[in-house]
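Line order of the protein sequences matches chains A and B.
Its first residue numbered 1, the first sequence is counted upward by one per residue in our numbering.
Its first residue numbered 1001, the second sequence is counted upward by one per residue in our numbering.
What follows is a single structure, written as structure tokens, with notes after it.
There are 2 protein chains.
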Amino acid sequence: MQDMSAALRTPGMLMLGGGSPAIIDAAVDIFQHALQKVVEDKQLFINTVCQYSDSAGDVQFRETLADYLNQKQGWNLTRDNILITSGSQSAFKMLFEYFTKGRRKIVFPLLPDYIGYGILPDEDMLGIPGELELIGQDSFRYNISARLEVNLDDVGALCISRPCNPTGGMLSDLELIRLLELAEQRGLNLILDNAYGQPLPNIVFGKHSLPWADNAIYCLSLSKLGLPGVRTGIVIGNTRLITTLAELNARQALAPGSLGPAMASVLIQNGDLDKLLDEIIKPWHISRKDQVIEFMQRHFAEQTIRYHEVDGGFFNWIYCENTKISGHELYEKFKTNRVVVVPGYAFAPGLKHDWPHLQQCFRLSTGQPLDIVERGIATISRVLQTVV
Amino acid sequence: MQDMSAALRTPGMLMLGGGSPAIIDAAVDIFQHALQKVVEDKQLFINTVCQYSDSAGDVQFRETLADYLNQKQGWNLTRDNILITSGSQSAFKMLFEYFTKGRRKIVFPLLPDYIGYGILPDEDMLGIPGELELIGQDSFRYNISARLEVNLDDVGALCISRPCNPTGGMLSDLELIRLLELAEQRGLNLILDNAYGQPLPNIVFGKHSLPWADNAIYCLSLSKLGLPGVRTGIVIGNTRLITTLAELNARQALAPGSLGPAMASVLIQNGDLDKLLDEIIKPWHISRKDQVIEFMQRHFAEQTIRYHEVDGGFFNWIYCENTKISGHELYEKFKTNRVVVVPGYAFAPGLKHDWPHLQQCFRLSTGQPLDIVERGIATISRVLQTVV
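What follows is the structure, given as structure tokens:
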């Protein structure tokens, strides 16, 4: 994806490739207000900016967050269930390294899944392609394959995103509980990447919940809430595991950044976080999802193109089964026509066999201004007509 | 050091253990002012807080910093010589992993050296104990041993702190140039950890410079300037290496935090950084160093205790050659008497043989309020009288 940064700097390029959260004006105001509080309270400023936090993250923030999560989720956490890292990606690197000690693998139970998981050596990852389920004329979804169960030897942990980046699909509650139970039976942890999900930023459209499980590791982030610049990842798990991870984090990163936690504390304490989640972020994304589906239905009407059912997040995953060219050629053709997407084959951490289906898929990001998204989809439709 | 956090929370404990920078009121004012600028300029706020930076760090900041460093150091950098990370420790982890690929080692040419380097498996590190040079009645220093040169097979890179954490000593310019040349002859990079040094925070008391070298990797940080909460590490090197590291950083951390870079940009642009360095931070630390030496001369006058010559930083390294107990027992005895230091044996990354000398050493941190430092030194003196 090196050329994506170059594309970013090309004027007129319709960037539907990245994973940046939308800039929502009402949310920006709330964030500015929160940081202003940190700046103007001298003692809070000193604690936040001029001192290292606890290596597991600011103690007071972890207490505030535990209370908030308990109230929202009905969990029973203390600060010792929570570790803060400088962003989710650093957390995944640490978790993956920890769980692959002793020649064990990380298993991704439902490909396609997040491109950024592919940071381990090939032999330390195993990705299981999902089973396609076609739905109506224009949509589809992936289901966990029965092959998962027979591939759980020499495994360190399972990892899956929910909502899924790239597809926007979500494991149902029942599927999640089954996966947790399967992991439990094998003595494994399930790392659940909630970067777009519950309980925050809660870009979730259907009815889904997030039950507690002792073998679950829930990874949250402030990035998709709208704060990617403060690099705040949140890892929630049982206290034994969090204690171990906190020691690792101390060695590897000394301490996480404090500004994200300080801003989030302000947002929780003054009630702005709930306002953000319920009144700003979710309505914005529901409306955006509906608009994008309308664009797709209109522009793709005459073509054999399916998109994954959207349960959450801000991506769409497009499957064009009649394309005759490779995924890379398709990506290049889009780029020549000034649209940037992410090709489907990128979302295959641990894939061991060729999976031609992915060559016919790509991910759209839909957080850009609406006219850019629509022009992008219109261009994609035109390009796809030339390659079938 | 797990018990150090517990000690931190014990009332009345004299904490001379940590590495936190001193809280200097005039510096805090300047930092608050810089963050205020970021908060109140909406576009700057959005760029900083609500968007991911370039994976190598904000492009504009890297340009501003390159210009600043060129002007201060007479270097010839562009932004492509600079990588920003979420704190120095993350940078060291990335550098060490990169340079130990293919079963090569990181060599620490002059032990004792920073405790935090010990993040690699034992077989990937080699530390060479320094040669003691006793100076006058009460001081000493370490010099690079001739054994270094015969231990440079299967090596990936050299790494050393300057000023040294823990000793406060600094390689002279000539020693540095020799070490760079030795590395160059073997085709190696030298990682120089300038966390306390040049060009910022420049807690350097004697005449030392920092010449450019194509095989040098200079690691700076905003932490000891007084901004540890924003986790900003700065890695400077030749463009080939920085390009490679930037790709690694993108995979491992996505992007660094943006608030430290944004604050530093403000400080450079409005001239406050030079004011901070020249008029606040350096004078404060010179005065503190002189006071602490006076405390040591007074409280240790009747004892056989030496301290390392102090060229920079904010630590003192104490050597009590007549103690009859182990370093750990000494540490515990200090703690019972309500002083926390860091025992000397902790500063031995890659040490392959027992080095009894380190059992007789410990590190003091001198950034705490002055009365705490003096009471700590007085207590240490009393305790040491009981163990010789």
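We treat Cβ as the ideally placed atom computed from N, Cα and C, and that holds for glycine.
All of these numbers come straight from a predicted model, not from anything done at the bench.
The C-beta of A:Cys-159 comes no closer than 7 Å to any C-beta of chain B. In the DSSP annotation of this structure, the continuous segment of the alpha helix (DSSP H) that includes B:Met-1094 starts and ends at 1088-1099. When DSSP states are grouped into helix, strand and coil, A:Glu-133 belongs to the strand group. In this structure, A:Val-230 is the residue among A:Ile-286, A:Leu-14 and A:Val-230 with its C-alpha nearest to the C-alpha of A:Phe-31. Rounded to whole angstroms, the Cβ separation of A:Arg-162 and A:Asp-193 is 7 Å, and the two are in contact under 8 Å. Listed in chain order, the positions of the region 1250-1264 of chain B with a beta carbon within less than 9 Å of a beta carbon of chain A are Ala-1250, Arg-1251, Gln-1252, Ala-1253, Leu-1254, Ala-1255, Pro-1256, Gly-1257, Ser-1258, Leu-1259, Gly-1260, Ala-1262 and Met-1263. Unbroken alpha helix (DSSP H) runs of no fewer than 4 residues, entirely contained in the region 36-81 of chain A, are found at 42-49 and 59-73, following chain order. Using a CB distance cut-off of 7 Å, A:Val-150 does not count as an interface residue toward chain B. Residues of chain B whose Cβ lies closer than 9 Å to the Cβ of A:Gly-226 are, in chain order, Val-1049 and Cys-1050. Legend: CB atoms of the region 14-38 of chain A lying less than 7 Å from CB atoms of chain B belong to residues Ser-20, Ile-23, Val-28, Phe-31, Gln-32, Leu-35 and Gln-36.
Per DSSP, the beta bridge partners of A:Arg-141 are A:Glu-133. Secondary structure at A:His-285: helix, using DSSP grouped into helix, strand and coil. Listed along chain A are Arg-251 and Gln-252, each with a C-beta nearer than 7 Å to that of B:Ile-1119. Contact residues of the region 1215-1244 of chain B toward chain A are Gly-1226, Leu-1227, Pro-1228, Gly-1229, Val-1230 and Arg-1231 (C-beta to C-beta distance below 7 Å). Of the residues assessed, B:Ala-1157 falls on the buried side of the cut-off, its CB having 16 or more other CB atoms within 10 angstroms. Between the alpha carbons of A:Lys-93 and B:Tyr-1117 lies a distance of about 19 Å. With a minimum length of 4 residues, the unbroken runs of alpha helix (DSSP H) contained wholly in the region 1202-1275 of chain B fall at 1239-1253, 1259-1269 and 1272-1275. At a cut-off of 7 Å between C-beta atoms, A:Gln-89 counts as an interface residue with respect to chain B. Take the alpha-carbon of A:Pro-349 and the one of B:Phe-1362: they are about 47 Å apart.
Note on the region 300-350 of chain A: whole beta strand (DSSP E) runs with a minimum of 3 residues are 306-308 and 315-319, in chain order. Counting only the Cα atoms, B:Ala-1255 lies some 52 Å from B:Thr-1386.
Here DSSP, grouped into helix, strand and coil, assigns A:Leu-364 to strand. Here the region 1305-1322 of chain B lies against the region 1164-1172 of chain B, with 3 or more beta-carbon pairs under 8 Å apart.
The continuous alpha helix (DSSP H) containing B:Asp-1371 extends over residues 1370-1385.
Rounded to the nearest whole angstrom, the C-alpha separation of A:Leu-384 and A:Gln-297 is 15 Å. Distance between B:Tyr-1307 and B:Tyr-1114, taken at the CA atoms: about 17 Å. A direct Cα-Cα distance of roughly 12 Å separates B:Lys-1275 from B:Gln-1269. Three or more Cβ pairs drawn from the region 213-221 of chain A and the region 176-193 of chain A lie within less than 8 Å of each other, which places the two stretches in contact. Burial is judged here by how many other beta carbons sit within 10 angstroms of a residue's own beta carbon; B:Pro-1011 has fewer than 16 and is exposed. Only those residues of the region 85-111 of chain A whose C-beta falls short of 7 Å from the nearest C-beta of chain B are listed: Ser-86, Gly-87, Gln-89, Ser-90 and Lys-93. A:Pro-261 is not a Cβ neighbour of A:Phe-45, given a cutoff of 7 Å. Close CB contacts of B:Pro-1121 within its chain, under the 7 Å cut and outside five residues either way in sequence, are absent. In the structure shown, A:Asp-154 falls within a coil segment according to DSSP collapsed to helix, strand and coil. What B:Phe-1045 touches in chain A, judged by beta-carbon distance under 8 Å, is Val-28, Phe-31, Gln-32 and Leu-35, going in chain order.
Boundaries of the alpha helix (DSSP H) harbouring B:Asp-1173: 1173-1185, taken from the DSSP string. Between B:Pro-1109 and B:Leu-1152, the CB-CB gap reaches or exceeds 7 Å.
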